Amino acid sequence: MVEYSLNNYKKQPFIPAIQKTSTLVSLSILSLLCFLIALNTKTIDVSPSYEHKVKASRLMEKAMNLLKESRMEQGIFIDIENDPNETGLVGSPFSLITTDEGDLDAKLTTLDPNFSAAIVDLMYQVDLKESDTVAILMTGSMPGANIAVLTACKSLGVYPITITSVGASQWGANQVDFTWLDMESILFSNSLIPAKSVAASIGGRNDMGRLLSPSGRKLITENIANHQLPLIKMEKLADNIQNRMMTYSSILPKMNYKAVINVGGGVASLGTSFNLKLLPPGVVNRKNVTDIIRPGGIEGVFSKMIKMDIPGIHILNIRPLIEQFNMPFAPIPIPDIGTGSLYADERYNLIVAAICLFVVGGCVFMVGLQSKTKIKEHLIQHEPDSLL
9 MVEYSLNNYK KQPFIPAIQK TSTLVSLSIL SLLCFLIALN TKTIDVSPSY
59 EHKVKASRLM EKAMNLLKES RMEQGIFIDI ENDPNETGLV GSPFSLITTD
109 EGDLDAKLTT LDPNFSAAIV DLMYQVDLKE SDTVAILMTG SMPGANIAVL
159 TACKSLGVYP ITITSVGASQ WGANQVDFTW LDMESILFSN SLIPAKSVAA
209 SIGGRNDMGR LLSPSGRKLI TENIANHQLP LIKMEKLADN IQNRMMTYSS
259 ILPKMNYKAV INVGGGVASL GTSFNLKLLP PGVVNRKNVT DIIRPGGIEG
309 VFSKMIKMDI PGIHILNIRP LIEQFNMPFA PIPIPDIGTG SLYADERYNL
359 IVAAICLFVV GGCVFMVGLQ SKTKIKEHLI QHEPDSLL
């Protein structure tokens, strides 16, 4: 009977914990659970300029709606193909005051109220504060960007001193009956921007309307006169640039300007002393300018002021500019205000992720350590049937 029992006895094989199916399943479930916890536990880092960004965007939205209403009252037809968001602020491909070719998609991108929030972000980067004064150089080419800059100024309580080149490239403020000065006047009279331009020029080649017809130049000078602004029209481009510098100095000592902001590619603003494509959009410092200046060119107002160590903000080359803020290019429809990483950045919670990693790693380590101990004990006993 005893012999029969011994013959039928089968010894259970030794299996370390790390090789047990139940252990592996448990570790897999734990790992999956920790992964899901880490994946779904996120923190939202709200931009420190969130309130100003939302305020600026709301102001720009109101400004765009007001200008659209003004155009609709004149019975203007909106070209939905070229103005898919129906802003009413996209110009025509050709007009008597069209100075150059233009990028339609770039114009559409700036006609987004959230673009004003991006300008607020740039203003924060150069440390602009309430009651600061900034010098602004504008053209009629990007009315959306112009509105964005001025509404951002109003949101922050920054006072702009603006000089405008009225001529506009394709798709900009190039309608003879609705120039940028006309838009600016409407917005100022409705308290949507803090100030109007203090002077204006024809714009275009040499800042004096070269390549425009005599009729086009006359229309612009009459428009400037209608708005009772000083006309900047000297003999040469360099003289027009110097006139701008004197205008800024007559209002405030240059060193008291806390920033200089350029909107568009005005030749009086940027000059001819460097390749415009080499100047990065966004915040610009002295080194950005001095590294690309070439001899023989005419230095514009923007680079002159930056070389005086006045911080610069350059609003041109729109696609690389908005890529800094993860904003869509030529969006259809216009995104909601207050959404996107420009306002708040959603991130994974690194603390929770680290805890989950520690838990999973610790469990694997403990199972491995226990298995190693058991294996060592088993080998000491010289068990020949180990599954190792």
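What the sequence shown shows, in the working numbering, is residues 9 to 396, in sequence order. All C-beta atoms, glycine included, are put in the ideal place defined by N, C-alpha and C. Given the structure is predicted, the values throughout are model-derived calculations rather than measurements.
The criterion of a C-beta distance shorter than 7 Å is not satisfied by H322 and L358.
Judged by their CB atoms, D353 and D120 are not nearer to each other than the 7 Å cut-off. Restricting attention to M72, D215 and V292, the CA atom closest to the CA of I318 is found in V292. Excluding the 5 residues flanking it on each side, N325 has same chain C-beta neighbours closer than 6 Å at P289, in chain order.
Taking the Cβ atoms as the reference, W179 lies roughly 24 Å from G279, outside the contact range of under 8 Å.
In the structure shown, the three-state DSSP call for D247 is helix. Note on the segment 124-207: whole alpha helix (DSSP H) runs with a minimum of 4 residues are 151-164 and 188-197, in chain order.
Pairing Y167 with A143, the inter-Cα distance amounts to about 9 Å. In this structure, DSSP gives D111 a state outside helix and strand, which the three-state scheme calls coil.
R213 and Q250 have their alpha carbons spaced roughly 17 Å apart. Sequence-distant Cβ neighbours of L38 in its own chain, meaning closer than 8 Å and more than five residues away, are V367, V368 and C371.
For V33, the enclosing alpha helix (DSSP H) stretches over residues T29 to N48.
Residue range G290 to V292 is occupied by the beta strand (DSSP E) that includes G290.
The Cβ atoms of N182 and D215 do not sit closer than 7 Å to each other. Under the three-state reduction of DSSP output, Y356 falls in the strand class.
Of V134, K28, K312 and K384, the smallest CA-CA separation from S257 is found for K312. Where G224 is concerned, the enclosing alpha helix (DSSP H) starts and stops at P222 to N234.
Distance from the Cα of G273 is smallest, within the candidate group A267, L284, Y265 and S124, for L284.
Contact annotation: the segment 134-141 does not touch the segment 99-110, with fewer than three C-beta pairs closer than 8 Å.
With contacts defined by Cβ atoms closer than 7 Å, L44 and V309 do not form a contacting pair.
Distances from the CA of E59 to each of A126, N234 and L200 were compared; the closest alpha carbon is that of A126. Assignment of A267 by DSSP, reduced to helix, strand and coil, places it in the strand class. Close CB contacts of R294 within its chain, under the 7 Å cut and outside five residues either way in sequence, are with I314, K315 and D317 (chain order). The distance from the Cβ of L67 to that of T159 is about 4 Å, consistent with a contact at the 8 Å cut-off. Looking at I88, V360, K76 and A114, the one whose alpha-carbon comes closest to that of A153 is A114. Residue environment analysis places T118 among the buried positions, since at least 16 neighbouring C-beta atoms fall within 10 angstroms of its C-beta. The C-beta separation of M191 from L75 comes to about 6 Å, placing the pair in contact by the 8 Å criterion.
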